[in-house]
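This report concerns only the one structure given below.
Number of protein chains: 2
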Amino acid sequence: MAYGYKIGSIPITTVQRLATYLPALREMQRQGRSIVSSANLADMLRLEAIQVRKDFGYLEITGRPKTGFKIVELIEAMERGLSWNRVSDAILVGTGHLGTALLNYRGFGYHGLNINAAFDIAPDRVGTVINGVEVQHLDAMGGSLDAAMAILTVSPESAQAVAEKLVQAGITGIWNFTGRTLLLPEQVIIQDQDIAIGLAVLSAKLTARAREAIEAESTLRP
Amino acid sequence: MAYGYKIGSIPITTVQRLATYLPALREMQRQGRSIVSSANLADMLRLEAIQVRKDFGYLEITGRPKTGFKIVELIEAMERGLSWNRVSDAILVGTGHLGTALLNYRGFGYHGLNINAAFDIAPDRVGTVINGVEVQHLDAMGGSLDAAMAILTVSPESAQAVAEKLVQAGITGIWNFTGRTLLLPEQVIIQDQDIAIGLAVLSAKLTARAREAIEAESTLRP
DNA sequence: GGTGTATCGAGAAAAAAGTATCGATACCGT
DNA sequence: ACGGTATCGATACTTTTTTCTCGATACACC
Chain A
-6 MAYGYKIGSI PITTVQRLAT YLPALREMQR QGRSIVSSAN LADMLRLEAI
44 QVRKDFGYLE ITGRPKTGFK IVELIEAMER GLSWNRVSDA ILVGTGHLGT
94 ALLNYRGFGY HGLNINAAFD IAPDRVGTVI NGVEVQHLDA MGGSLDAAMA
144 ILTVSPESAQ AVAEKLVQAG ITGIWNFTGR TLLLPEQVII QDQDIAIGLA
194 VLSAKLTARA REAIEAESTL RP
Chain B
-6 MAYGYKIGSI PITTVQRLAT YLPALREMQR QGRSIVSSAN LADMLRLEAI
44 QVRKDFGYLE ITGRPKTGFK IVELIEAMER GLSWNRVSDA ILVGTGHLGT
94 ALLNYRGFGY HGLNINAAFD IAPDRVGTVI NGVEVQHLDA MGGSLDAAMA
144 ILTVSPESAQ AVAEKLVQAG ITGIWNFTGR TLLLPEQVII QDQDIAIGLA
194 VLSAKLTARA REAIEAESTL RP
């Protein structure tokens, strides 16, 4: 990567896994559990126990031998270490199918996200209310937004232009679902969320697996 | 990772980047370009030229010094190396907001994906048609699906149960949007697509950046 | 045709991520 | 109380990924 392997002192790969531990831990809490071991979590998430423990090593927390970690403390440590406790406000731009899906998504609460405004330019969308958020016209987006983060779900074609507008409005972090690379001032933090990447990996894995199977078969009868 | 760093002989990280090169190259083609250098692509995608060239090194292709790569050949090599040329059929289960968004998504064609059936259990959705695909009742999903891959966009609560049903129906690859870890036979390939991870990373980056800024300021006036 | 330069591509080095080892510690059953 | 054992956590090791270095090659300009 050009820059940015780490967040503070925590590797990005660890942050990613921590993000998946969180809902798993919350689920355990709901089921009445209060203690979890690295092996428990690893089994649950198809990982290795060593890796889970290593990840926890970046947090300010200590487990107890023979027992494990207190789930409450774990969650607190994760929220503290990564600031998922402070609720951060975001706006969403582009209320197509994906934007609507995100506006209705319930999992964001885990990470303290609150979408407090939505924008679009299509006349038939402006004025509608999606999950309690009214869709405003993009031109109405003034300079004093009540958010630092923007979720960008517009068409690829308009991605760059809209992104520039967001930066002018004071947005400092963009979660980019458009699939286009945004070229913006360096101080703006961009998180690309290219859904097609996951598909590409899965599809490549599937054909690789299929190829293996064929090779294995041809080895059986030469 | 428990297993699976590579696809064939290509690192997963490379496959991921290749997946982002593809639309960029297609876009260039549309604009009439036929040659691209590693530096060109790198600039366009905010990467390093060396990395682009290394990624290309895994493909069966050679560039020309002082010129670069023929875009047509690049695309062909990528499709050949990762089998994105063969169209693969998929089904989609769970036609909520996200499922609907994916059914309407246009970017899948790049990777040869064709969603040929959709399933749900909600009575008000069964029978409707989304982007040309009729939503069928999940119980109607027989044993002879015309697809190897399934896109899972049901609720977290029903994820595991539905996934098991998919495996019984002969699905060998699952693109899992539910956020839950699926526990399935090892031969089933699972690609987790946890949207919250991207948010977690962005949100952590933002607060880390904010923290840096505060520290920098307090250093100025001690 | 010769010279300069941009680009590739192979191999080495560096950095990062993941995995193993092992002593220390706290619970469990007797 | 005591030995057995599961688990943590520090350190060392291995693998993977990224980055650097540098010679080779092909185009451009003179």
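Here the protein sequences line up with chains A and B, keeping their order.
Residues -6 to 215 in the working numbering are what the first sequence spells out, letter by letter.
Residues -6 to 215 in the working numbering are what the second sequence spells out, letter by letter.
Where is the CB? At the ideal position from N, CA and C, for every residue including glycine.
Quick caveat: nothing in here was measured; it's all calculated off a predicted structure.
Close Cβ partners of residue 118 (chain A) (< 7 Å) along its chain, the five nearest in sequence each way excluded: Here residue 118 (chain A) refers to the residue found at position 125 when the first sequence is read from its first residue. In the same chain as residue 118 (chain A), and ignoring 5 residues on each side of it, the C-beta atoms closer than 7 Å to its own belong to 88 and 128, in chain order.
Beta carbon proximity, residue 32 (chain B) to chain A, threshold 8 Å: Residue 32 (chain B) sits at position 39 when you count from the first residue of the second sequence. Output row for residue 32 (chain B): interface = no.
Reference residue 62 (chain B), options B:17, B:76, B:27 and B:92, closest by Cα: Taking the first residue of the second sequence as position 1, residue 62 (chain B) is located at position 69. The option with the nearest alpha carbon to residue 62 (chain B) is B:27.
Beta-carbon proximity list for residue 13 (chain B), same chain, < 8 Å, skipping 5 on both sides: For the purposes of this step, residue 13 (chain B) is identified with residue 20 of the second sequence, where counting begins at 1. Excluding sequence neighbours, residue 13 (chain B) sits near 38.
Local Cβ density within 10 Å of residue 194 (chain A), reported as buried at 16 or more and exposed below that: Here residue 194 (chain A) refers to the residue found at position 201 of the first sequence. Counting Cβ neighbours within 10 Å, residue 194 (chain A) comes out buried, since at least 16 surround it.
Classification of residue 10 (chain B) by the beta-carbon crowding that lies within 10 angstroms, buried from 16 upward: On the second sequence, position 17 is the one that residue 10 (chain B) refers to. It is buried - the Cβ of residue 10 (chain B) has at least 16 other Cβ atoms within 10 Å.
With 16 other Cβ atoms within 10 Å as the buried cut-off, status of residue 93 (chain B): Here residue 93 (chain B) corresponds to residue number 100 of the second sequence, with the count starting at 1. Result: buried.
Buried or exposed by the 16-neighbour rule on C-beta atoms within 10 Å, applied to residue 103 (chain A): In the first sequence, the residue the question calls residue 103 (chain A) occupies position 110. Classification for residue 103 (chain A): buried.
Within 8 Å of chain B by C-beta, residues of the region 36 to 50 of chain A in sequence order: Taking 8 Å as the Cβ-Cβ cut-off against chain B, the residues of the region 36 to 50 of chain A that qualify are 37, 38, 39, 40 and 41.
Meets three-Cβ-pair contact criterion under 8 Å: the region 130 to 138 of chain A and the region 30 to 48 of chain A: The answer is no - the region 30 to 48 of chain A does not touch the region 130 to 138 of chain A, with fewer than three Cβ pairs under 8 Å.
Within chain B, partners of residue 198 (chain A) - CB distance below 8 Å: Taking the first sequence and counting its residues from 1, one reaches residue 198 (chain A) at position 205. Per Cβ cutoff of 8 Å: -3, 0, 166, 182 and 184.
Minimum Cβ-Cβ distance from residue 118 (chain B) to chain A less than 8 Å: Along the second sequence, read from residue 1 onward, the residue named residue 118 (chain B) stands at position 125. Answer no: the Cβ-Cβ gap between residue 118 (chain B) and chain A never drops below 8 Å.
Simplified DSSP state of residue 193 (chain A), which is helix, strand or coil: Mapped onto the first sequence, residue 193 (chain A) falls at position 200. In this structure, residue 193 (chain A) counts as helix in the three-state DSSP scheme.
Beta-carbon neighbours of residue 191 (chain B), restricted to chain A and to distances below 7 Å: Working through the second sequence from its first residue, we reach residue 191 (chain B) at position 198. Listed along chain A, the residues sitting closer than 7 Å to residue 191 (chain B) by beta-carbon distance are 168, 184 and 186.
Where residue 68 (chain B) sits in the DSSP three-state scheme: Within the second sequence, the letter at position 75 stands for residue 68 (chain B). In the structure shown, residue 68 (chain B) sits in a helix (DSSP, three-state: H, G or I).
Distance, residue 31 (chain A) Cα to residue 19 (chain A) Cα: On the first sequence, position 26 is the one that residue 19 (chain A) refers to. On the first sequence, position 38 is the one that residue 31 (chain A) refers to. A direct Cα-to-Cα measurement between residue 19 (chain A) and residue 31 (chain A) gives close to 15 Å.
Of the listed residues B:158, B:113, B:201 and B:107, nearest to residue 74 (chain A) (C-alpha basis): Here residue 74 (chain A) is taken as the residue at index 81 of the first sequence, counted from 1. Out of B:158, B:113, B:201 and B:107, B:201 has the C-alpha closest to the C-alpha of residue 74 (chain A).
Three-state secondary structure assigned by DSSP to residue 75 (chain A): Numbered from 1 along the first sequence, position 82 holds the residue referred to as residue 75 (chain A). Secondary structure of residue 75 (chain A) (DSSP, three-state): helix.
Test: residue 174 (chain B) CB closer than 8 Å to a CB of chain A: The residue given as residue 174 (chain B) occupies position 181 in the second sequence. So yes, residue 174 (chain B) belongs to the interface.
Residue environment, residue 106 (chain A), which counts as buried when at least 16 other CB atoms sit within 10 Å: Your numbering for residue 106 (chain A) matches position 113 in the first sequence. By the neighbour-count rule (16 or more Cβ atoms within 10 Å), residue 106 (chain A) is buried.
Range of the contiguous beta strand (DSSP E) that encloses residue 184 (chain B): Along the second sequence, read from residue 1 onward, the residue named residue 184 (chain B) stands at position 191. Looking at the DSSP string, the run of the beta strand (DSSP E) that includes residue 184 (chain B) is 182 to 185.
Among B:174, B:176 and B:144, the one whose alpha carbon lies nearest that of residue 82 (chain B): Start at 1 with the first residue of the second sequence, and residue 82 (chain B) comes out as number 89. Checking every option, the nearest Cα to that of residue 82 (chain B) belongs to B:144.
Where residue 202 (chain A) meets chain B, residues with beta-carbon distance less than 7 Å: As a working note, residue 202 (chain A) is residue 209 in the first sequence. Ordered by position in chain B, the residues that pass the 7 Å Cβ test against residue 202 (chain A) are 182.
For residue 109 (chain A), three-class secondary structure by DSSP: If you number the first sequence from 1, residue 109 (chain A) lands on position 116. Under the three-state reduction of DSSP, residue 109 (chain A) is assigned to strand.
DSSP bridge partner residues for residue 61 (chain B) (one or two, in chain order): Numbered from 1 along the second sequence, position 68 holds the residue referred to as residue 61 (chain B). Residue pairing by DSSP puts residue 61 (chain B) in a beta bridge opposite B:57.
Residue 54 (chain B) beta carbon less than 8 Å from that of residue 67 (chain B): What you label residue 67 (chain B) is simply residue 74 of the second sequence in a count that begins at 1. What you label residue 54 (chain B) is simply residue 61 of the second sequence in a count that begins at 1. Residue 54 (chain B) sits close to residue 67 (chain B), with the two beta carbons spaced by under 8 Å.
Beta-carbon spacing of residue 146 (chain A), residue 112 (chain A) below 8 Å: Stepping through the first sequence from its first residue, residue 146 (chain A) is reached at position 153. Stepping through the first sequence from its first residue, residue 112 (chain A) is reached at position 119. No. Outside cutoff.
Cβ pair residue 84 (chain B), residue 199 (chain A) closer than 8 Å: On the second sequence, position 91 is the one that residue 84 (chain B) refers to. On the first sequence, position 206 is the one that residue 199 (chain A) refers to. Contact check for residue 84 (chain B) against residue 199 (chain A) fails: the beta carbons are separated by 8 Å or more.
Contact set between residue 219 (chain B) and chain A, taken where Cβ atoms lie within less than 9 Å: What is shown of chain B runs -6 to 215, which leaves residue 219 (chain B) out entirely.
CB contact check: residue 8 (chain B) to chain A, cutoff 8 Å: Residue numbering aside, residue 8 (chain B) sits at position 15 when the second sequence is read from its first letter. Closer than 8 Å to the CB of residue 8 (chain B) there is at least one CB belonging to chain A.
Other residues of its chain near residue 177 (chain B): CB distance less than 8 Å, five sequence neighbours each side excluded: Here residue 177 (chain B) is taken as the residue at index 184 of the second sequence, counted from 1. Counting only Cβ-Cβ distances below 8 Å, and skipping sequence neighbours, we find 156, 157, 160, 167 and 183.
Spatial neighbours of residue -5 (chain B) in its chain, beta-carbon cut-off 6 Å, leaving aside the 5 residues before and after: Start at 1 with the first residue of the second sequence, and residue -5 (chain B) comes out as number 2. Note that residue -5 (chain B) scores 39 on pLDDT, short of 50, meaning its location in the model is unreliable and no value can be drawn from it.
Of the residues A:90, A:101 and A:17, the one placed nearest residue 77 (chain A), counting alpha carbons only: By one-based count along the first sequence, residue 77 (chain A) stands at place 84. Nearest of A:90, A:101 and A:17 to residue 77 (chain A), Cα basis: A:101.
Beta carbon of residue 152 (chain A) nearer than 8 Å to that of residue 173 (chain A): For the purposes of this step, residue 152 (chain A) is identified with residue 159 of the first sequence, where counting begins at 1. For the purposes of this step, residue 173 (chain A) is identified with residue 180 of the first sequence, where counting begins at 1. Going by C-beta atoms, residue 152 (chain A) is nearer than 8 Å to residue 173 (chain A).
Contact under 8 Å by Cβ, residue 138 (chain A) with residue 108 (chain A): Start at 1 with the first residue of the first sequence, and residue 138 (chain A) comes out as number 145. Start at 1 with the first residue of the first sequence, and residue 108 (chain A) comes out as number 115. No, Cβ-Cβ distance for residue 138 (chain A) and residue 108 (chain A) is not below 8 Å.
CB contact flag (residue 52 (chain B), residue 21 (chain B), <8 Å): Here residue 52 (chain B) corresponds to residue number 59 of the second sequence, with the count starting at 1. Here residue 21 (chain B) corresponds to residue number 28 of the second sequence, with the count starting at 1. No; because the gap between Cβ atoms is not below 8 Å, this pair is not in contact.
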